[in-house]
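Student: A single structure is presented below for examination.
Residue numbers (my numbering): 206 to 1260.
Put into structure tokens, the structure is as follows:
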């Protein structure tokens, strides 16, 4: 007794097993994490070193290059790059994708601990790249209060409570004022009393201390107690009265010199170096980062609920906030749209079944089977530690048609047997038994297509293994349902409408036309095959003209405007440029809000730059706008860029997957000789810009040189005055930046006491030269007496790649072009250019990702075809029959080409994965057909008759399964929901390929099979009659039979 018969005979047992699986699946579903995409953990780490006050060139020589040499031998290192700017060195380590950062972290830390760095450089920090480093939730907050201290205190308390939310890693706030106690020195009085800036700082620090003083042991009382010496500055008045020195006057009286005599001591509010505004109103920016592995949708929702609850408290009700970007909400909307696509696809598939079978019961049985298959798949997700994301759900949504294929084939065959007059129970057994082998073979071939994913590595593996396994899990769930639950339910509930007998169906007009067409194609086999080959060649040509891209663009409803002014401009100048752009943005009706940040932290928070700004523009919800994010960008981009021609302005969508900016190419030049590198870069940029019909703009990492005033110390003059160069450099750094002497408590807040020279010393070169520097003997010497000044142009950032100096060049190409066409144009320029032997280049960005992905996809396709063939050969116990079935693949390619051309989609990696998926789907129809042909031949039919009968009997299930699969994928292919653009090409490719392969399978596959079949080859051999006429054996047997019936003799031909 097989599983189908057991299920039919034991319905209660079957229902109990179903109930248990449903309960298990529902519990699993509630515990699955929700993400936008599968976990992508690139093995990338950063070594960050700060060296305050040092120039980029100095840091490269003393920090970056030595660390690069030490790190270059780390195990598994694939690439090493560095970015060095004033005060900061970042070294980016990229490792092989089969490694994790935890594998090499200890080795890297050991290298860093033994590194020899210059005095003044801080210890290198090891930072693992993690997607959670980027904010998952961004908000702008403002308050009705004008008391900045109260605002800061309340916001500090709110963030302290919000950080307790499970899944929240950290919160950062920008836009707050920094309060301090400013000790502004009077240079004349310092010189008068022989005091230095460092002297003042040391004296203040000595008045505010807490030092352990030992332990008192009282043996008589039997106890010990620790002691501590403390001295505190209680108030700003007490600070002013600190005695710096005591000086006797002419009469011998001692006069105390206080801090108030040589400096002005005040509370000072220093604004953050970053200006934040929401919709042109001052605001505070709050960024929330998630813990690794946290559920963004759940955590962000909980975070917002907690914040809403806190702001209902009367202590904090003066705050208001606006959400600028919510990754969790986008994930929720995207996932919901996939669920809608799943449900609507299932509904459409059931409607198709009703139209063909004209009974409500069959679609209801299928409707019951669909959720069971899906729920069982979620249980499997839980046990293999998958999340619910666009790829896993996309796999389910794409597979919704395939999900019901097995059930449709089973129920249609049961329906056919019932149409032949069999009782329901017998029809369920016979109908299921007849196609069990074909259904199993179809499922195994589809699953085998995805078996090669185990050989795929890199980002392709991390993105598409979950999708592939989601489809495989759902297929095996559907196979179980089709062979157990469907026949059990059909044996109890399925009915055939009156007038729908099998005999009547065979004599219908449609079947008569199908028979004629089948016979016609078999008589003209060669011509039909030639036609198919020509169409296939046309398809290849069509796809080649569509171009290729890495990933489709995703409409997240957010785009970014980045602004970079000339180095050295003041923050207010950048602010004015941003304000001009805001005026343009606010006029667009699709814009909901825009958060502007002026002053940036370009190197992971290690410093800020006044010449950069960013505007994050949030559009109204997807359903409420009449344009996509890309349409809005196209409408605004030209005006935004032209609003300030002195600034470098770029407008680009926020790419959630972090897969690179659209319409850009990137490549890196490397050379040990900086002069030659500069020359090569300039010539290449000129050549690229000459192709103005293709390329719009070029940007280099070396653009925007800094103007720097270099202080050249005359060592002889310095020595005569009692200085060494390092001593001068440190005093100048302190004079320019101030010295943080200590802290004091004021109104419950600890404030830094900052000892500074007046701002006027930095007003001009002349004033800077007049800075008085005390030597060891207390004499004050003007800086201009021991140094000269020279203004030079320096690079703001020095880029290195593979231990050589490098330039990163970004090229913008026309939006009407696709990635590979633009790359071809750029590559032609690079290939024609005569590079020096020591100058190298390598392409990066989306092109690099695409070039890395193509061999992986090719491997998937080749191995998918091989495994499919092997599975079918084992199933049919034949090496020839699978060859006929595999001919559906080029037939499907015709539809792939047409679908991409009609929808104007490029061939992306997502579409290529759809093509891999298509291999497993399209062979199923051919398997049904060939399997039925073999069954009929086993009953004694000749090949041509078996083909004719099989086409008639398999026409309806093939057509039904094809249309239900197409309808199931249609919502995904249309990409109507938020976030659906990412998987839409996959649905488009599958629908196109399935449509053409289904139509052609019924006619081309029988022809191919007839060429491979031994009996057909024999029957089509040519024979010569006694009168010299060439005829086929089939024609000879027909003539012989006619003459025998007439009683006449026939001359036997010679072969």
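All C-beta atoms in this analysis are idealised placements derived from N, C-alpha and C, irrespective of residue type, glycine included.
The model shown is predicted, which means the values in this text are computed figures rather than measured ones.
So what's residue 974 in DSSP terms, helix, strand or just coil?
Tutor: The answer is helix: DSSP assigns residue 974 an H, G or I state.
Student: Quick one: Cα of residue 1282 to Cα of residue 609, how far?
Tutor: The first residue shown for the chain is 206 and the last is 1260, placing residue 1282 beyond what the model contains.
Student: Thinking C-alpha only, which one of 612, 234, 231 and 323 is nearest residue 269?
Tutor: Minimum Cα distance to residue 269 is reached at 323.
Student: DSSP state of residue 1344, grouped into three classes?
Tutor: Because the chain spans 206 through 1260 in this model, residue 1344 falls outside it and cannot be assessed.
Student: Leaving out five residues before and five after residue 890 in sequence, what residues of the same chain have Cβ atoms less than 8 Å from its Cβ?
Tutor: So the qualifying residues of the chain are 903, 905 and 1014.
Student: If you reduce the DSSP assignment to three classes, tell me which class residue 757 lands in.
Tutor: It is coil, neither helix nor strand.
Student: Can the beta-carbon of residue 614 be found closer than 9 Å to that of residue 694?
Tutor: Not closer than 9 Å, so no.
Student: Let me know the secondary structure DSSP gives residue 210 once reduced to three states.
Tutor: Residue 210 falls in the helix class under three-state DSSP.
Student: Between the C-alpha atoms of residue 870 and residue 1022, what's the straight-line distance to the nearest angstrom?
Tutor: Their Cα atoms are separated by approximately 12 Å.
Student: Thinking C-alpha only, which one of 954, 749 and 1156 is nearest residue 1105?
Tutor: Here the closest residue by C-alpha is 749.
Student: DSSP three-state call for residue 323: helix, strand or coil?
Tutor: Coil, per DSSP.
Student: Looking at residue 798 and residue 483, is the spacing between their C-beta atoms short of 9 Å?
Tutor: Yes; because the gap between Cβ atoms is below 9 Å, this pair is in contact.
Student: How many whole angstroms separate the CB atoms of residue 490 and residue 290, which I take to be in contact at a CB cut-off of 8 Å?
Tutor: Wrong, their Cβ atoms sit about 23 Å apart, outside the cutoff.
Student: Mind checking residue 211: buried by the 16 CB within 10 Å criterion, or exposed?
Tutor: Flag for residue 211 reads exposed.
Student: Which of the three DSSP states is assigned to residue 815 in this structure?
Tutor: Strand.
Student: Check residue 799 in the structure and name its three-state DSSP category.
Tutor: Residue 799 falls in the strand class under three-state DSSP.
Student: Whose CA, out of 804, 792 and 677, lies closest to the CA of residue 778?
Tutor: With distances taken between Cα atoms, residue 778 lies closest to 804.
Student: Short of 6 Å in beta carbon distance, which residues of its chain neighbour residue 767, apart from the five on each side in sequence? Order them along the chain.
Tutor: If we look at residue 767 and ignore the five residues flanking it on each side, its Cβ neighbours are 819 and 855.
Student: Should residue 1041 go down as buried or exposed, given a rule of 16 or more other Cβ atoms within 10 Å for buried?
Tutor: Classification of residue 1041: exposed, given that the 10 Å Cβ count is below 16.
Student: May I have the straight-line CA-CA distance separating residue 982 from residue 401, to the nearest angstrom?
Tutor: Whole-angstrom Cα-Cα distance: 11 Å.
Student: Any idea if residue 1178 is buried or exposed, counting beta-carbon neighbours within 10 angstroms, 16 or more meaning buried?
Tutor: Residue 1178 should be labelled buried.
Student: Take residue 1154 and list the residues in its own chain whose beta-carbon comes closer than 6 Å to its own, dropping the five residues that flank it on each side.
Tutor: Once the five neighbours on either side are set aside, the close Cβ partners of residue 1154 are 1141.
Student: Can you tell me whether residue 1067 is buried or exposed? The criterion is at least 16 other CB atoms within 10 Å of its CB, across all chains shown.
Tutor: By the 10 Å Cβ count, residue 1067 comes out exposed.
Student: Which ranges does the alpha helix (DSSP H) cover as unbroken runs of at least 4 residues, wholly within the stretch 605 to 677, from first to last along the chain?
Tutor: You should have 605 to 624 and 629 to 654.
Student: If we ignore side chains and look at the alpha-carbon of each, how far apart do residue 998 and residue 973 end up?
Tutor: Rounded to whole angstroms, residue 998 to residue 973 spans 19 Å at the Cα level.
Student: Measuring only the C-alpha atoms, how far is residue 969 from residue 979?
Tutor: Distance between the alpha carbons of residue 969 and residue 979 is about 21 Å.
Student: Here's the rule I'm using: 16 or more other beta-carbon atoms within 10 Å means buried, otherwise exposed. How should residue 1026 be labelled?
Tutor: That one is buried.
Student: May I ask you to report which of helix, strand or coil DSSP gives residue 728?
Tutor: Helix at residue 728.
Student: Can you list, in chain order, the residues of its chain with a C-beta nearer than 7 Å to that of residue 474? Leave out the 5 residues immediately preceding and following it.
Tutor: Cβ within range, chain order: 353, 382 and 384.
Student: Would you list the residues sitting across from residue 1173 in a DSSP beta bridge?
Tutor: Residue 1173 pairs with nothing; no bridge assigned.
Student: Can you tell me whether residue 157 is buried or exposed? The criterion is at least 16 other CB atoms within 10 Å of its CB, across all chains shown.
Tutor: Coverage of the chain is limited to positions 206 through 1260, which leaves residue 157 absent and any answer about it impossible.
Student: Cα separation between residue 529 and residue 800?
Tutor: Answer to the nearest angstrom: the Cα atoms are 7 Å apart.
Student: Keeping to the same chain, check which residues put their C-beta closer than 6 Å to that of residue 637; ignore five residues upstream and five downstream.
Tutor: So the list reads 209, 615 and 692, once near-sequence residues are dropped.
Student: Going by C-alpha distance, which of 1028, 958, 1031 and 643 is nearest residue 469?
Tutor: Nearest C-alpha to residue 469: 958.
Student: Have a look at 1117, 831 and 1160 and flag the residue whose alpha-carbon is nearest the alpha-carbon of residue 1134.
Tutor: That would be 1160, whose Cα lies nearest to the Cα of residue 1134.
Student: With which residues is residue 1006 paired in a DSSP beta bridge?
Tutor: DSSP lists 286 and 1009 as partners of residue 1006.
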